[in-house]
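Below is one structure, written out as C-alpha coordinates, with a few remarks after it.
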(Lines of atoms letter the chains of each structure in order from A and count residues from 1; the text may use other names and numbers.)
(Lines give C-alpha, C1' and ligand atoms only; values in the text may rest on other atoms or scores of the structure.)
Protein backbone atom coordinates (compact mmCIF):
# COMPACT_ATOMS: atom_id res chain seq x y z
CA UNK A 1 0.00 0.00 0.00
CA UNK A 2 2.91 2.35 0.71
CA UNK A 3 4.11 2.20 -2.87
CA UNK A 4 0.61 2.93 -4.19
CA UNK A 5 0.21 5.95 -1.91
CA UNK A 6 3.63 7.33 -2.85
CA UNK A 7 2.93 6.86 -6.57
CA UNK A 8 -0.44 8.60 -6.16
CA UNK A 9 1.19 11.58 -4.46
CA UNK A 10 3.81 11.79 -7.21
CA UNK A 11 1.19 11.46 -9.94
CA UNK A 12 -0.88 14.21 -8.29
CA UNK A 13 2.09 16.57 -8.54
CA UNK A 14 3.40 16.51 -4.99
CA UNK A 15 7.15 17.19 -4.91
CA UNK A 16 8.01 17.80 -1.26
CA UNK A 17 7.40 14.32 0.17
CA UNK A 18 9.29 12.69 3.02
CA UNK A 19 9.05 8.92 3.33
CA UNK A 20 9.43 7.93 6.98
CA UNK A 21 9.87 4.17 7.02
CA UNK A 22 10.71 1.86 9.89
CA UNK A 23 12.61 -0.37 7.46
CA UNK A 24 15.65 1.55 6.25
CA UNK A 25 16.23 -0.54 3.13
CA UNK A 26 12.62 -0.29 1.93
CA UNK A 27 12.35 3.39 2.81
CA UNK A 28 15.50 4.31 0.93
CA UNK A 29 14.48 2.22 -2.09
CA UNK A 30 11.04 3.89 -2.28
CA UNK A 31 12.54 7.35 -1.87
CA UNK A 32 15.04 6.68 -4.65
CA UNK A 33 12.42 5.14 -6.95
CA UNK A 34 10.06 8.11 -6.63
CA UNK A 35 12.59 10.91 -6.16
CA UNK A 36 11.58 11.80 -2.61
CA UNK A 37 13.44 12.16 0.69
CA UNK A 38 13.70 9.41 3.30
CA UNK A 39 13.89 9.66 7.07
CA UNK A 40 13.97 6.71 9.52
CA UNK A 41 11.47 8.06 12.05
CA UNK A 42 8.83 10.73 11.52
CA UNK A 43 9.55 12.72 14.69
CA UNK A 44 10.52 16.28 13.98
CA UNK A 45 8.95 16.36 10.53
CA UNK A 46 6.52 19.23 10.01
CA UNK A 47 3.98 17.83 7.58
CA UNK A 48 0.79 19.24 6.15
CA UNK A 49 -0.45 15.74 5.30
CA UNK A 50 0.33 12.66 7.41
CA UNK A 51 -0.22 9.22 5.88
CA UNK A 52 0.05 5.97 7.83
CA UNK A 53 0.61 2.86 5.69
CA UNK A 54 1.83 0.66 8.56
CA UNK A 55 -0.27 -1.84 10.56
CA UNK A 56 -0.10 0.48 13.59
CA UNK A 57 -3.65 0.84 14.92
CA UNK A 58 -4.98 -2.28 13.17
CA UNK A 59 -7.58 -4.24 15.13
CA UNK A 60 -6.26 -7.48 16.57
CA UNK A 61 -2.63 -6.56 16.04
CA UNK A 62 0.04 -6.25 18.69
CA UNK A 63 0.13 -2.49 18.06
CA UNK A 64 -3.62 -1.90 17.83
CA UNK A 65 -3.50 1.01 20.29
CA UNK A 66 -0.30 2.54 18.94
CA UNK A 67 -0.26 5.89 17.16
CA UNK A 68 1.69 6.05 13.91
CA UNK A 69 2.50 9.72 14.57
CA UNK A 70 2.91 11.70 17.78
CA UNK A 71 0.18 13.98 19.07
CA UNK A 72 2.42 16.96 18.28
CA UNK A 73 2.72 15.91 14.64
CA UNK A 74 -1.04 15.43 14.35
CA UNK A 75 -1.61 18.84 15.94
CA UNK A 76 0.41 20.64 13.26
CA UNK A 77 -0.94 18.66 10.27
CA UNK A 78 -3.98 19.68 8.22
CA UNK A 79 -4.90 16.22 6.93
CA UNK A 80 -4.43 12.76 8.45
CA UNK A 81 -4.82 9.69 6.23
CA UNK A 82 -4.69 6.19 7.75
CA UNK A 83 -4.94 3.26 5.32
CA UNK A 84 -5.74 0.81 8.15
CA UNK A 85 -9.31 -0.33 7.44
CA UNK A 86 -10.23 -2.13 10.67
CA UNK A 87 -11.22 -0.54 12.84
CA UNK A 88 -12.62 2.25 10.67
CA UNK A 89 -11.72 4.65 13.46
CA UNK A 90 -8.11 3.88 14.36
CA UNK A 91 -6.41 5.61 17.29
CA UNK A 92 -4.75 7.94 14.75
CA UNK A 93 -8.04 8.84 13.02
CA UNK A 94 -9.75 9.33 16.39
CA UNK A 95 -6.98 11.68 17.60
CA UNK A 96 -7.04 13.65 14.34
CA UNK A 97 -10.82 14.05 14.51
CA UNK A 98 -10.58 15.21 18.13
CA UNK A 99 -8.10 17.85 16.95
CA UNK A 100 -10.45 18.97 14.17
CA UNK A 101 -8.27 17.68 11.33
CA UNK A 102 -9.54 16.50 7.97
CA UNK A 103 -9.29 12.71 7.94
CA UNK A 104 -9.30 9.91 5.39
CA UNK A 105 -9.77 6.43 6.82
CA UNK A 106 -8.85 3.04 5.44
CA UNK A 107 -12.55 2.19 5.38
CA UNK A 108 -13.10 5.06 2.95
CA UNK A 109 -10.24 3.76 0.79
CA UNK A 110 -11.81 0.29 0.68
CA UNK A 111 -15.12 1.76 -0.51
CA UNK A 112 -13.35 3.72 -3.26
CA UNK A 113 -11.37 0.64 -4.28
CA UNK A 114 -14.59 -1.38 -4.45
CA UNK A 115 -16.10 1.12 -6.88
CA UNK A 116 -13.05 0.99 -9.15
CA UNK A 117 -12.74 -2.79 -8.94
CA UNK A 118 -16.41 -3.31 -9.77
CA UNK A 119 -16.10 -0.95 -12.75
CA UNK A 120 -13.01 -2.77 -14.02
CA UNK A 121 -14.64 -6.20 -13.76
CA UNK A 122 -18.09 -5.33 -15.08
CA UNK A 123 -17.71 -2.17 -17.14
CA UNK A 124 -20.46 -0.64 -14.99
CA UNK A 125 -19.67 2.16 -12.56
CA UNK A 126 -21.66 1.79 -9.32
CA UNK A 127 -22.86 4.79 -7.37
CA UNK A 128 -19.96 5.76 -5.07
CA UNK A 129 -22.30 7.06 -2.38
CA UNK A 130 -24.22 3.78 -2.35
CA UNK A 131 -21.00 1.79 -2.00
CA UNK A 132 -19.86 4.06 0.86
CA UNK A 133 -23.24 3.60 2.56
CA UNK A 134 -23.02 -0.18 2.19
CA UNK A 135 -19.48 -0.11 3.56
CA UNK A 136 -20.58 1.89 6.61
CA UNK A 137 -23.52 -0.47 7.16
CA UNK A 138 -21.23 -3.52 6.98
CA UNK A 139 -18.99 -2.04 9.69
CA UNK A 140 -21.87 -1.26 12.06
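In our numbering, the protein residues as written are 1 to 140.
Beta carbons are placed, not taken as given, at the ideal position from N, Cα and C, and that holds for glycine.
Query, Result
"Anticipated Cβ contact below 8 angstroms, residue 102 with residue 74, distance rounded", "So it is not a contact: roughly 12 angstroms between Cβ atoms."
"Residue 28 vs residue 38 beta-carbon contact at 8 angstroms", "yes"
"Any 3 or more C-beta pairs closer than 8 angstroms across the stretch 89-101 and the stretch 112-124", "no"
"Per-residue DSSP class, three states only, for residue 93", "helix"
"Rounded separation between residue 88 and residue 35 - CA only", "32 angstroms"
"Where residue 11 falls: helix, strand or coil (DSSP)", "helix"
"Where residue 66 sits in the DSSP three-state scheme", "coil"
"Straight-line Cα distance separating residue 54 from residue 112", "19 angstroms"
"Same chain only: Cβ atoms within 8 angstroms of residue 47, ignoring 5 sequence neighbours per side", "18, 73, 76, 77"
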